[in-house]
Amino acid sequence: MLEEQLIAVEALTIVSLLVASIVAITVRRIRIPYTVALVLAGLFVSVEGERLILQLTPNSAWILYASIPEFIQNLLDFEPEFILALFVPPIIFEAAFHLEFNQLRSNLVPILILAVPGVVLSTVIVGGIIWISVGLSLGAAVVFGALISATDPVAVVALFSNLGVPRRLSVSVEGESLFNDGIAIVIFNIAVTAAIVGSFSLAQGVAEFLWISLGGLGVGVALGWLVSRAIVRIDDYFVEITLTMVLAYGAYLTAEQLQVSGVLAVVVAGIVSGNKGRQGMSPTTQIVLLSFWEYVAFLANSLIFLLIGIKINVAQLVPPFGFIMVAVFAVLVARAIVVYGLLWLTRLGGSEAHVPMSWRHVLFWGGLRGAISLALALSLSTKPLPESGMLQVMVFGVVLFTLLAQGTTIQFLLNRLGLAEQPEHIVARQMQLGRLYAAQAGLSRLADLRHDGLLAGDVWAGLRDEYHATSSQLSEEMNQLFVKYPDLEREVLLQSRREALRAERAALSDALRQGLISERVYRKLTSEVDHRLDALTLIREATTSSTTAPEE
Amino acid sequence: MGPIVCATRGGEASRRTQERAIALAHERGIPLIFLFIADINFVQPSNASLAEILVDELERLGRGLLRIARARAEEQGVSAEMVVRHGAVRQAIEDFLGEVQASTLVLGAPGTGTEKKAFAAGEIPRFAQEINTTTGVEVVVVE
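Protein chains in written order, with my numbering: chain R, 840 to 1391; chain P, 12 to 154.
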């Protein structure tokens, strides 16, 4: 029996990955975000999958595959905490690992405003509207408000990186999502308990909120710091990758065991190890590690969005359609008040913290809902809350709306706001630079082969001259670019200085590892390099509008 | 005759401005000075701790840009000096013109580039007029 289950899990995984691959290939041709396409594929599988599989595979040998939709339903009937614990840590850890302290620090004010008071306000507004309009109990309405307040920007952030949207905007969206996931889960748990018990003490609620949140942050800092210390002393990327894997899941499970926020623990562990731990990694380890986590997050996102699509029963959404529309309205109103209202406060923090109006439009419309909301809604099945069925249907409806309506139109909005445009000269230079890098890498590889005696002298000479000619031509073309686009002079100087500073930083890490400098000297010198990198960012933002917030 | 001062900050109009200054220096046979002003007025109070490093990095950027301009002049047989100053752009330019007894100031008026401008639209001609009136220095604005 166990063997059959294991084979079914294997078959499910293979089929899911195949579907994800097909979707990934397909979305290159149609202009919708990958995760939205996965949900659509999941919906298709849930509606038509079983019939199609049975038609295509009538033989009993394929009966195993035919039972996949049923099996997926069984999987989703597992403890939803299992889904959360399996998929959420890698997705969150990968995003947090990429966030640089410097970028986070310069965006911390808007991120915290959106993630803490923003989630609380959103919970209250959505809960209030639902309570008044849908007729749910106040407790259930607040539970809905909390679980729908966690944003899921995977689809939006993927678009950002493709379209060259300003990095600061991308960091704001990612940072908000990371922290608001944790905060929303904490509020959700408090709200569920209050709804079940039937009473709520504000003082106790606030104390619980602080304990769970700060406890989660503490676990993340402690474990992140410990693993980072270990990573700095090891130079073996297999071990380093394994340690980050242990950290991602370990932080989550440890925090949950201590009854504090697992998600916040993973967020902070990811940020600490991504900054502190990465300083001691060799360039090779960094590349391998980042690629590994990118792939793991891709897998987790693919599976969870596919499962979202499969789990949503479209027919179930029809009768309460009016309530779903009210829920969508409430979510949009709350998001508008939080983004346009609360972010107004960033004006008080100076221009660095200020969020321009065009960015606020993106934050508003890009506030998609996804995996966390759905997993929390699923977890209601195991709780004695009488209105959980209705809450689940409303969550499915809102998630579907945000993914299909907002997720498919966010690119249009970015284009309209002029945030998706990379200046022609930047694209042109990147093209030339990319070609030059590729040519030099090719030449370097050939030189290695020649050195190892694997390439005959004549062949090597012929290919080498060809590569040299290509490199010379590309260098000349790059010089021509300076004539065509004079902006590049300043851009290239700034970028080159940044590269040089990064190399200085890496050299300091090497010096520390080799024992040439003490930790104290290392910290002092790297801090100076970091300040210089900050200064370059400010200079670039102050002199180049292509990378800065457009003026209101 | 005093030198030609070409105020440059890199960017869309800088190449045309530099070419014009080089041509004028060549034509008139007078010295050419490329001037870069490191202006950190964009620094907010929250970044004040960075001010010293910012000035240093801006000066590095300026020296880099000026070296490119000087090489460009030398290619055309014109030797040029390069000077980096810091402070508010207008005041620093005025001070420098007086200091070197300049005869001509060459300025660029960026049009369609992606850069943020030190002068708002329409301010360059007004600034040129003011400089000419107060110092008597000829001002050439390159569109």
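Beta carbons: idealized from backbone N, C-alpha and C, even for Gly.
Heavy atom of the ligand ATP within 6 Å of residue i beta-carbon
i: R/Val1172; result: The ligand content of the structure shown is nil, which means the ligand ATP is not present either.
CB contact below 7 Å: residue i versus chain P
i: R/His1307; result: no
i: R/Ala1069; result: no
i: R/Leu1375; result: yes
i: R/Glu1315; result: no
i: R/Glu939; result: no
i: R/Glu1328; result: yes
i: R/Leu903; result: Note that R/Leu903 scores 49 on pLDDT, short of 50, meaning its location in the model is unreliable; the coordinates nonetheless yield the value given after this. Chain P contact via Cβ: absent.
Chain-ordered chain R contacts of residue i [CB-CB under 7 Å]
i: P/Gly75; result: Leu1332
i: P/Arg71; result: Arg1336
i: P/Ile79; result: Glu1328
Where residue i meets chain P, residues with beta-carbon distance less than 7 Å
i: R/Arg1371; result: Ile64, Glu68
i: R/Arg1255; result: What R/Arg1255 touches in chain P: nothing, since even the nearest Cβ is about 19 Å away.
Proximal residues to residue i (C-beta, below 6 Å), its chain only, five neighbours per side dropped
i: R/Gly1113; result: Phe936
i: R/Leu960; result: Val1177
i: R/Lys1115; result: Ser1067
i: R/Leu1202; result: Val1178
i: R/Ala900; result: Residue confidence for R/Ala900 is low, a pLDDT of 45 falling below 50, so the modelled location carries little weight; the figure read from the coordinates is stated next. Answer for R/Ala900: no residue qualifies.
With 16 other Cβ atoms within 10 Å as the buried cut-off, status of residue i
i: R/Met1196; result: exposed
i: P/Glu68; result: buried
i: R/Leu1041; result: exposed
i: P/Glu86; result: exposed
i: P/Arg96; result: buried
i: R/Glu1079; result: buried
i: R/Gln942; result: buried
i: R/Lys1222; result: exposed
i: P/Thr28; result: buried
i: R/Glu1391; result: A caution first: R/Glu1391 carries a pLDDT of 34, below 50, which makes its placement in the model unreliable, though a value can still be read off. By the neighbour-count rule (16 or more Cβ atoms within 10 Å), R/Glu1391 is not buried but exposed.
i: R/Asn946; result: buried
i: R/Gln1245; result: buried
i: R/Val1010; result: buried
i: R/Thr1376; result: buried
i: R/Asp1297; result: exposed
i: R/Leu1355; result: exposed
i: R/Ile1163; result: buried
Short CB-CB distance (under 7 Å) between residue i and chain R
i: P/Leu61; result: yes
i: P/Leu118; result: no
i: P/Ile44; result: no
i: P/Ile33; result: no
i: P/Ile104; result: no
i: P/Thr123; result: Per-residue confidence for P/Thr123 stands at a pLDDT of 42, beneath the threshold of 50, marking its modelled position as unreliable; the derived number appears in the next sentence. No, P/Thr123 does not count as interfacial toward chain R.
i: P/Ile48; result: no
i: P/Ile135; result: no
i: P/Val148; result: no
i: P/Val16; result: no
Own chain partners of residue i with C-beta closer than 7 Å, once the 5 adjacent residues on each side are dropped
i: R/Leu1219; result: Ser1227, Leu1230, Gln1231
i: R/Phe1477; result: With chain R represented from 840 up to 1391, any question about residue 1477 of chain R goes unanswered, as that position is not in the structure.
i: R/Thr1397; result: Coverage of chain R is limited to positions 840 through 1391, which leaves residue 1397 of chain R absent and any answer about it impossible.
i: P/Gly13; result: Val111, Gln112, Ala113, Ser114
i: R/Ile1022; result: Ala954, Val955, Val958, Ser1052
Interface partners of residue i on chain P, CB under 8 Å
i: R/Ile1378; result: Leu65, Glu68, Leu69, Leu72
Residue i at chain B interface by Cβ criterion, 7 Å
i: R/Arg944; result: Given the protein chain composition of this structure (R and P), no chain B is represented.
Beta-carbon contacts of residue i that lie in its chain and below 8 Å, excluding the five residues immediately before and after
i: R/Val1111; result: Gly1059, Val1060, Gly1063, Trp1064, Ser1067
i: R/Gln1271; result: Leu1313, Glu1316, Met1317, Leu1320
Item to check | Runs of alpha helix (DSSP H) wholly within the region 1058 to 1107 of chain R (minimum 4 residues, chain order) | outcome: Listed in chain order, they are 1076 to 1096.
Checklist entry - Mind pulling the alpha helix (DSSP H) runs of 4 or more residues that sit fully within the region 967 to 1052 of chain R? => result 977 to 986, 993 to 1002, 1006 to 1036, all fully within the region 967 to 1052 of chain R.
Item to check | Those runs of the alpha helix (DSSP H) which lie wholly inside the region 1310 to 1391 of chain R and span at least 4 residues | outcome: If you keep only unbroken alpha helix (DSSP H) runs of at least 4 residues inside the region 1310 to 1391 of chain R, you get 1326 to 1352, 1358 to 1382.
Next on the checklist: Which runs of the beta strand (DSSP E) at least 3 residues long sit entirely within the region 30 to 113 of chain P? Give them in chain order.
Outcome noted: 43 to 49, 91 to 97
Checklist entry - Could you give the uninterrupted runs of the alpha helix (DSSP H) lying entirely in the region 1191 to 1226 of chain R, keeping only those of 4 residues or more? => result 1196 to 1204, 1210 to 1218
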